[in-house]
Amino acid sequence: MDSYIPQHILVTGGAGFMGSNFVRWVLAHQPFVQITVLDKLTYAGNKANLANLPESRFSFVRGDICDVALVDKLFEKVDACVHFAAETHNDNAIVSSQPFIRTNVEGTRVLLEAARKHNVRFHHISTDEVYGDLALDEPGKITEATPYCPSSPYSASKAASDMLVRAWFRTYGVPVTLSNCSNNYGPYQHVEKFIPRQITNLLSGRRPKLYGDGLHVRDWIYVENHSSAVWEILTKGRLGETYLIGANGERNNLEVMRLILKLMGKKSDEFDWVRDRPGHDRRYAIDATKLQTELGWQPSHTDFEEGLLSTIQWYKDNQEWWASGKQAVEAAYENQGQ
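Listed below in structure tokens is the structure:
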């Protein structure tokens, strides 16, 4: 299969967790590619995630993906866009859905119009949550053919953005690809998310917190695996196609909690149970066969315990990165009874 190699990529949301990891991966593995990051630097975006990157190949623009004039100006200079920018935290969407609709739906539309105008290759980052959940005892996994069935305001907004991408491909011929990924973990993830929340609770003298019965299953993937998969799809994927990204990492939240406690030298019951999230999906499981067979991608990090230990060490070594915002996150959770 012929490869397309971009010269200059616009990465939206590139100061966030997954976006910044992708930027770092590309700059480390693709020495001739230029990157511009567009990020609004909301609470989930952190310019420190992009520290010490080579100025000769990297530039940063603070701005909103809903800003039509700014987006148009940036698309004049690039030949590809990888669209990470999104409101992503389910608990926040349950409290207020408006920012999710604005960023995830309207923002995606603005980007697609710019890609259409300037004939820019467009890769859209989505989530497995658009498919809804599987029963805990249900056989099989989610595939590209699984019908959409979003359960929350967040996943509904991402499903809507996916549909816009497909429509701009079919109606206007915009050169797009899409990917839906399972739960990422690793360095630079915001402390509101499940794994870093438990790690930083322990590091700051708090007890970890576990939703509901703890049996919700997630398909965990180390963030570097996601970055390499996105590159393969961007450069080798068939236009208009969706590829699911996963690494066979199914574990329930109780198992993950107990492994974190073990790796951090704590007893297996040293955590608090908290009330469940409304509409909480029970199980996600990704079938990445299409990505593996069609594009030849394979995950390089497959040992979950090793990846989790590396992640714990990163949060230990970078307490100045997360400490200032930790109190506010825990106060918000406490107000929600979680």
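Residues 91 to 428 (my numbering) make up the sequence shown, in order. Idealized CB from N, CA, C, for every residue including glycine.
Exercise for the section: Compare the Cα-Cα distances from residue 223 to each of 258, 405, 376 and report the closest residue. Expected result: Within the sequence shown, numbered from 1, the residue matching residue 223 stands at position 133. The shortest C-alpha separation from residue 223 is found at 376.
Handout entry: residue 426 versus 368, 326, 391, 331, residue with shortest Cα-Cα distance
Key = Here the question's residue 426 lines up with position 336 in the sequence shown. Considering only alpha carbons, the answer is 368.
Exercise for the section: Identify the continuous beta strand (DSSP E) that holds residue 296 and give its terminal residues. Expected result: Against the sequence shown, residue 296 aligns to sequence position 206. Unbroken run through residue 296: none, as it is neither H nor E.
Handout entry: Distance, residue 191 Cα to residue 416 Cα
Key = Taking the sequence shown and counting its residues from 1, the one referred to as residue 416 is at position 326. Taking the sequence shown and counting its residues from 1, the one referred to as residue 191 is at position 101. Between residue 416 and residue 191, the C-alpha separation is close to 26 Å.
Practice task
Grab the span of the beta strand (DSSP E) containing residue 71 for me, first residue to last.
Solution key: Lying outside 91 to 428, the shown extent of the chain, residue 71 is not represented and no answer is given.
Handout entry: CB of residue 276 within 9 Å of CB of residue 331, strictly
Key = Here residue 276 corresponds to residue number 186 of the sequence shown, with the count starting at 1. Here residue 331 corresponds to residue number 241 of the sequence shown, with the count starting at 1. No, the Cβ-Cβ distance between residue 276 and residue 331 is not below 9 Å.
Handout entry: Residue environment, residue 237, which counts as buried when at least 16 other CB atoms sit within 10 Å
Key = One-based indexing of the sequence shown puts residue 237 at position 147. Looking at its Cβ environment, which holds fewer than 16 other Cβ atoms inside 10 Å, residue 237 is exposed.
Handout entry: Reference residue 292; option with closest CA among 325, 350, 321
Key = On the sequence shown, residue 292 is found 202 positions in, with the first residue counted as 1. If we check each option's Cα against that of residue 292, 350 comes out closest.
Exercise for the section: Pick out whichever of 227, 207, 249, 243 has its Cα sitting closest to the Cα of residue 262. Expected result: For this step, residue 262 is matched to residue 172 along the sequence shown. Nearest C-alpha to residue 262: 207.
Exercise for the section: Please determine, among 311, 156, 113, the residue with the shortest C-alpha to C-alpha distance to residue 144. Expected result: Residue 144 sits at position 54 when you count from the first residue of the sequence shown. Here the closest residue by C-alpha is 113.
Handout entry: Cα-Cα separation, residue 386 to residue 316
Key = Along the sequence shown, read from residue 1 onward, the residue named residue 386 stands at position 296. Along the sequence shown, read from residue 1 onward, the residue named residue 316 stands at position 226. Looking at the two C-alpha atoms, the distance is approximately 14 Å.
Handout entry: Terminal residues of the alpha helix (DSSP H) in which residue 321 lies
Key = As a working note, residue 321 is residue 231 in the sequence shown. Segment 313 to 326, the alpha helix (DSSP H) holding residue 321.
Problem - Buried or exposed by the 16-neighbour rule on C-beta atoms within 10 Å, applied to residue 103 - result: For the purposes of this step, residue 103 is taken as the residue at position 13 of the sequence shown. Buried: at least 16 other Cβ atoms inside 10 Å.
Exercise for the section: Report back the beta-carbon spacing between residue 419 and residue 281 to the nearest angstrom; my notes put them in contact at under 8 Å. Expected result: Within the sequence shown, residue 419 is the residue found at index 329, counting from 1. Within the sequence shown, residue 281 is the residue found at index 191, counting from 1. Confirmed, about 5 Å.
Exercise for the section: Determine the contact status of residue 126 and residue 107, defining contact as a CB-CB distance below 9 Å. Expected result: For this step, residue 126 is matched to residue 36 along the sequence shown. For this step, residue 107 is matched to residue 17 along the sequence shown. Not closer than 9 Å, so no.
Handout entry: With 16 other Cβ atoms within 10 Å as the buried cut-off, status of residue 161
Key = Position 71 of the sequence shown, counted from the first residue, corresponds to residue 161. So residue 161 counts as buried.
Exercise for the section: Tell me where the alpha helix (DSSP H) around residue 392 begins and ends. Expected result: Position 302 of the sequence shown, counted from the start, is the residue given in the question as residue 392. First-last for residue 392: undefined, no H or E at that position.
Exercise for the section: Mark residue 228 as exposed unless 16 or more other C-beta atoms lie within 10 angstroms of its C-beta, in which case mark it buried. Expected result: On the sequence shown, position 138 is the one that residue 228 refers to. Residue 228 comes out exposed.
Problem - Three-state secondary structure (DSSP) of residue 372 - result: The count along the sequence shown starts at 1 and reaches residue 372 at position 282. Coil, per DSSP.
Practice task
Any chance you could list the beta strand (DSSP E) runs of at least 3 consecutive residues sitting entirely within the region 265 to 291, in chain order?
Solution key: 266 to 271
Problem - Whole runs of the beta strand (DSSP E) within the region 326 to 369, excluding any shorter than 3 residues - result: 332 to 335, 340 to 342, 362 to 364
Exercise for the section: Indicate whether residue 339 and residue 394 have their beta-carbon atoms separated by less than 9 Å. Expected result: Stepping through the sequence shown from its first residue, residue 339 is reached at position 249. Stepping through the sequence shown from its first residue, residue 394 is reached at position 304. Against a cut-off of 9 Å, the Cβ pair of residue 394 and residue 339 comes out as a contact.
Problem - residue 365 classed as buried or exposed, judged by whether at least 16 other C-beta atoms fall within 10 angstroms - result: To locate residue 365, count along the sequence shown from 1; it is residue 275. Label assigned to residue 365: exposed.
Exercise for the section: Identify every residue that forms a DSSP beta bridge with residue 102. Expected result: By 1-based counting over the sequence shown, the position of residue 102 is 12. Note: residue 102 sits in a beta bridge opposite 128, 173.
Exercise for the section: Determine the closest residue to residue 105 out of 406, 378, 177, with distance taken between C-alpha atoms. Expected result: By one-based count along the sequence shown, residue 105 stands at place 15. Nearest of 406, 378, 177 to residue 105, Cα basis: 177.
Exercise for the section: Grab the span of the alpha helix (DSSP H) containing residue 112 for me, first residue to last. Expected result: Translated into the one-based positions of the sequence shown, residue 112 becomes position 22. Note, residue 112: alpha helix (DSSP H), 107 to 119.
Handout entry: Length-filtered (3 minimum) beta strand (DSSP E) runs lying within the region 180 to 232
Key = 211 to 217
Problem - For residue 172, the nearest candidate out of 95, 300, 101 (CA to CA) - result: Working through the sequence shown from its first residue, we reach residue 172 at position 82. Checked all of 95, 300, 101; the closest Cα to residue 172 is 101.
Handout entry: Delimiting residues of the alpha helix (DSSP H) encompassing residue 419
Key = In the sequence shown, residue 419 corresponds to position 329, counting from 1. Residue 419 -> alpha helix (DSSP H) spans 409 to 425.
Exercise for the section: Output the distance between the C-alpha atoms of residue 326 and residue 215, rounded to the nearest integer angstrom. Expected result: Translated into the one-based positions of the sequence shown, residue 326 becomes position 236. Translated into the one-based positions of the sequence shown, residue 215 becomes position 125. If you take the alpha carbons of residue 326 and residue 215, they lie about 16 Å apart.
Handout entry: Beta-carbon contacts of residue 154 that lie in its chain and below 6 Å, excluding the five residues immediately before and after
Key = Start at 1 with the first residue of the sequence shown, and residue 154 comes out as number 64. Excluding sequence neighbours, residue 154 sits near 130.
Exercise for the section: Just the C-alpha distance for residue 309 and residue 389, rounded to the nearest angstrom, thanks. Expected result: Numbered from its first residue, the sequence shown carries residue 309 at position 219. Numbered from its first residue, the sequence shown carries residue 389 at position 299. Rounded to whole angstroms, residue 309 to residue 389 spans 13 Å at the Cα level.
Exercise for the section: Please list, in chain order, all residues of the same chain as residue 221 whose beta carbon is under 7 Å from its beta carbon, the five residues on each side excluded. Expected result: Working through the sequence shown from its first residue, we reach residue 221 at position 131. For residue 221, where only same-chain residues beyond five positions count, the Cβ hits under 7 Å are 232, 236, 238, 239.
Exercise for the section: May I ask you to report which of helix, strand or coil DSSP gives residue 251? Expected result: The count along the sequence shown starts at 1 and reaches residue 251 at position 161. Residue 251: helix per DSSP, three-state reduction.
Handout entry: Beta-carbon proximity of residue 200 to residue 169, cut-off 9 Å
Key = On the sequence shown, position 110 is the one that residue 200 refers to. On the sequence shown, position 79 is the one that residue 169 refers to. No; because the gap between Cβ atoms is not below 9 Å, this pair is not in contact.
Problem - Pair within 9 Å by beta-carbon distance, residue 347 and residue 288 - result: The residue you call residue 347 lines up with position 257 of the sequence shown. The residue you call residue 288 lines up with position 198 of the sequence shown. Going by C-beta atoms, residue 347 is nearer than 9 Å to residue 288.
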